[in-house]
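Colleague: Structure in structure tokens, see below.
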Amino acid sequence: MSVSVLSPSRLLGGVSGILQAASLLILLLLLIKAAQLYLHRQWLLKALQQFPCPPSHWLFGHIQEFQEDQELQQTRKWVETFPSACPRWLWGGKVRVQLYDPDYMKVILGRSDPKSHGSYRFLAPWIGYGLLLLNGQTWFQHRRMLTPAFHYDILKPYVGLMADSVRVMLDKWEKLLGQEDSPLEVFQHISLMTLDTIMKCAFSHQGSIQVDRNSQSYIQAIRDLNDLLFSRVRNAFYQNDTIYSLTSAGRWTHRACQLAHQYTDQVVQLRKAQLQKEGELEKIKRKRHLDFLDILLLAKMENGSILSDKDLRAEVDTFMFEGHDTTASGISWIFYALATHPKHQERCREEIHGLLGDGASITWNHLDQMPYTTMCIRRHCHPMQMIGIMVVLSIYGLHYNPKVWPNPEVFDPFRFAPGSAQHSHAFLPFSGGSRNCIGKQFAMNELKVATALTLLRFELLPDPTRTPIPMARLVLKSKNGIHLRLRRLPNPCEDKDQL
Ligand code: HEM
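So for the sequence shown, numbering that gives the first Met the number 0 puts the first residue at 0; every next one is plus one.
Have a look at this one:
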């Protein structure tokens, strides 16, 4: 009896043979991968033996210790136990050495290593390769091109624009609150105010955007992107771009990026349209100092090879985000700190009152004359960290390092009193070295203007029912917002009018 080549039993036998071979191959590949992981981990353990750390799982590293809401507490615990540096193991045998010692910071920031592609690359779909993410020669060209936008002649008139934005916010608060000191979640209002400021200063936007729906959606998109980015960095399955784009978090990220880009595109289009108007371009070229968006648009028009559309868009997205989210967090935490330390708040108010009177006008020259307020402000800028090759500069860890700052939990502005000796790299809210924050002077001005004008109008009080829960994001945020009670102070001018 002959058996057909295509008989079902022979076919099944053939298929199961292929399956068996495939399973064996997969098993072999898995074994090779596991052996590679093991050997790589052994090599890293040896290389890092001078940096002790708590025991870690061979595959999951320290993931268990750093559950999402434990991040800050855990960092502080490690900083206390290992006061200079500590390797943090991630999944799959990857490791990052967290540094929080001023001497290490000084060495690393004094070098010009490129930023690691690792986690920074997750920011790219959102802010593109602008100043924050660029490296090498292109970074250098862009930094040189944009530095004049932060010249003090440019920054001086911004103080008035900042004050206008703060006043719009304070007027809104007055209307919202009436006479009572009812609680208010201030972070969302402050975010709109700082977005308003950067729109006016860097993007020549006319009018206020603080009641604008589009701006509120943009701010919501930024909040979502912050959260999504943070969960992506921590999730082993979200590392690959293709896999991530198929997950619901990936799709959400895509939508939020689209929303953020629509907003920035509109701003650029509007400014381009203004420049098309007769004489406008010539007027701008005659200006001694160009503002941020004008520098970019002129560079694009005059030398397109330096700045492509994609580059321009990346810089706009970078500055729109960096220029408002950082200062909004800083101002919100300063307000919370002052609300919980009424004596310091009162001393700041007295200083500002002595300087500005009723606060009708605040100028660049005033900003250097509020030493006590500046000391209080300095305590409360905490960006999280910067990532390098295998090295994370933990700015949060540095600022909470008891070896550098004894009793770091205590709010003590006198740490920053003029003349108090500190290591040059003990306090780095704006990072250091060549990759320091280009907007630091702009940011400090905004923090001072917002604090000064707010303290003249309101007494800040904590809301004991909703204490902020700090959480790690690109910049320190609060999980449940920042709720404060605001009590309207008598206006000295109104009192005079009544007499
Ligand atoms: C309190 C407010 C701010 C804080 C605490 C802060 C902090 C920082 C830090 C720590 C870095 C280094 C980040 C890294 O290398 O990963 C940085 C870089 C940067 N910041 Fe800020 N920043 C603030 C406000 C601003 C503002 C207002 C702007 C723009 C108007 C700005 C624009 C930038 C840019 C473009 C970079 C990248 C610079 C480069 O690599 O050349 N920042 N900032």
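All C-beta atoms in this analysis are idealised placements derived from N, C-alpha and C, irrespective of residue type, glycine included.
No experiment lies behind these values; they were computed from the predicted model shown.
Please report the straight-line C-alpha distance between Ala-420 and Lys-174, rounded to a whole angstrom.
Modeller: One-based indexing of the sequence shown puts residue 420 at position 421. One-based indexing of the sequence shown puts residue 174 at position 175. Distance between the alpha carbons of Ala-420 and Lys-174 is about 45 Å.
Colleague: What is the DSSP secondary structure of Lys-286, reduced to helix, strand or coil?
Modeller: Counted from its first residue, the sequence shown places residue 286 at position 287. In this structure, Lys-286 counts as coil in the three-state DSSP scheme.
Colleague: Measure the C-alpha to C-alpha separation of Met-389 and Glu-314 and round it to an integer number of angstroms.
Modeller: Position 390 of the sequence shown, counted from the start, is the residue given in the question as residue 389. Position 315 of the sequence shown, counted from the start, is the residue given in the question as residue 314. Their backbone Cα atoms lie some 27 Å apart in a straight line.
Colleague: Output needed for Gly-387: all residues of its chain with C-beta closer than 7 Å, excluding positions within five of it in sequence on either side, in chain order.
Modeller: Looking up residue 387 in the sequence shown gives position 388. No answer about Gly-387 holds up, because its pLDDT of 46 lies below 50 and its placement is not dependable.
Colleague: Nearest-angstrom Cα distance between Asp-102 and Val-96?
Modeller: On the sequence shown, position 103 is the one that residue 102 refers to. On the sequence shown, position 97 is the one that residue 96 refers to. Roughly 15 Å separates the two Cα atoms.
Colleague: Short of 6 Å in beta carbon distance, which residues of its chain neighbour Lys-105, apart from the five on each side in sequence? Order them along the chain.
Modeller: Residue 105 sits at position 106 when you count from the first residue of the sequence shown. His-424, listed in sequence order.
Colleague: At 4 residues or longer, and completely inside the segment 395 to 474: list those alpha helix (DSSP H) runs for me, N to C.
Modeller: Considered as a whole, the segment 395 to 474 harbours 439 to 456 as its complete alpha helix (DSSP H) runs of no fewer than 4 residues, in chain order.
Colleague: Do Ala-255 and Leu-296 have their beta-carbon atoms positioned less than 8 Å apart in this structure?
Modeller: Indexing the sequence shown from 1 puts residue 296 at position 297. Indexing the sequence shown from 1 puts residue 255 at position 256. Result no, Cβ atoms of Leu-296 and Ala-255 do not sit closer than 8 Å.
Colleague: Who are the Cβ neighbours of Gln-344 in its own chain at under 8 Å, not counting the five residues just before and after it?
Modeller: Along the sequence shown, one-based indexing puts residue 344 at 345. Around Gln-344: Leu-337, Ala-338, Leu-454, Glu-458 and Leu-459.
Colleague: Pick out whichever of Leu-43, Phe-81, Glu-64 and His-204 has its Cα sitting closest to the Cα of Val-403.
Modeller: What you label residue 403 is simply residue 404 of the sequence shown in a count that begins at 1. Closest option to Val-403, Cα to Cα, is Phe-81.
Colleague: Once the 5 residues before and after Ile-305 are set aside, which same chain residues still bring their CB inside 7 Å of it?
Modeller: Within the sequence shown, numbered from 1, the residue matching residue 305 stands at position 306. Answer for Ile-305: Gln-140 and Ala-298, listed in chain order.
Colleague: Is it right to say Ala-21 is buried, meaning 16 or more other beta carbons lie within 10 angstroms of its own, or is it exposed?
Modeller: For the purposes of this step, residue 21 is taken as the residue at position 22 of the sequence shown. By the neighbour-count rule (16 or more Cβ atoms within 10 Å), Ala-21 is not buried but exposed.
Colleague: Can you find the residues in the same chain that come closer than 6 Å, C-beta to C-beta, to Arg-348, ignoring five residues on each side of it along the sequence?
Modeller: Numbered from its first residue, the sequence shown carries residue 348 at position 349. Answer for Arg-348: Leu-454, listed in chain order.
Colleague: Taking 7 Å as the line, does the beta carbon of Ile-197 fall inside it for any heavy atom of the ligand HEM?
Modeller: What you label residue 197 is simply residue 198 of the sequence shown in a count that begins at 1. Within the cutoff, so yes.
Colleague: Are the segment 217 to 226 and the segment 328 to 337 touching by the rule of at least three beta carbon pairs closer than 8 Å?
Modeller: no
Colleague: Run through DSSP, which three-state label would Gln-66 get?
Modeller: Position 67 of the sequence shown, counted from the first residue, corresponds to residue 66. If DSSP states are grouped into helix, strand and coil, Gln-66 belongs with coil.
Colleague: Mind checking Phe-438: buried by the 16 CB within 10 Å criterion, or exposed?
Modeller: Reading the sequence shown from its first residue, position 439 is the one you call residue 438. Sequence check: residue 438 is Gly here, not Phe. Looking at its Cβ environment, which holds 16 or more other Cβ atoms inside 10 Å, Gly-438 is buried.
Colleague: Going by the C-beta, is Ser-423 closer than 7 Å to any heavy atom of the ligand HEM?
Modeller: Translated into the one-based positions of the sequence shown, residue 423 becomes position 424. No, the Cβ of Ser-423 stays beyond 7 Å of every heavy atom of the ligand HEM.
Colleague: Which residues in the same chain as Leu-269 place their Cβ atom closer than 8 Å to its Cβ, once the five residues preceding and following it in sequence are excluded?
Modeller: The residue labelled residue 269 in the question sits at position 270 within the sequence shown. Closer than 8 Å at Cβ, skipping near neighbours: His-204.
Colleague: Exposed or buried, what is Gly-12 when buried is set at 16 or more other beta-carbons lying within 10 Å of its beta-carbon?
Modeller: Counted from its first residue, the sequence shown places residue 12 at position 13. Exposed, because fewer than 16 other Cβ atoms sit within 10 Å of the Cβ of Gly-12.
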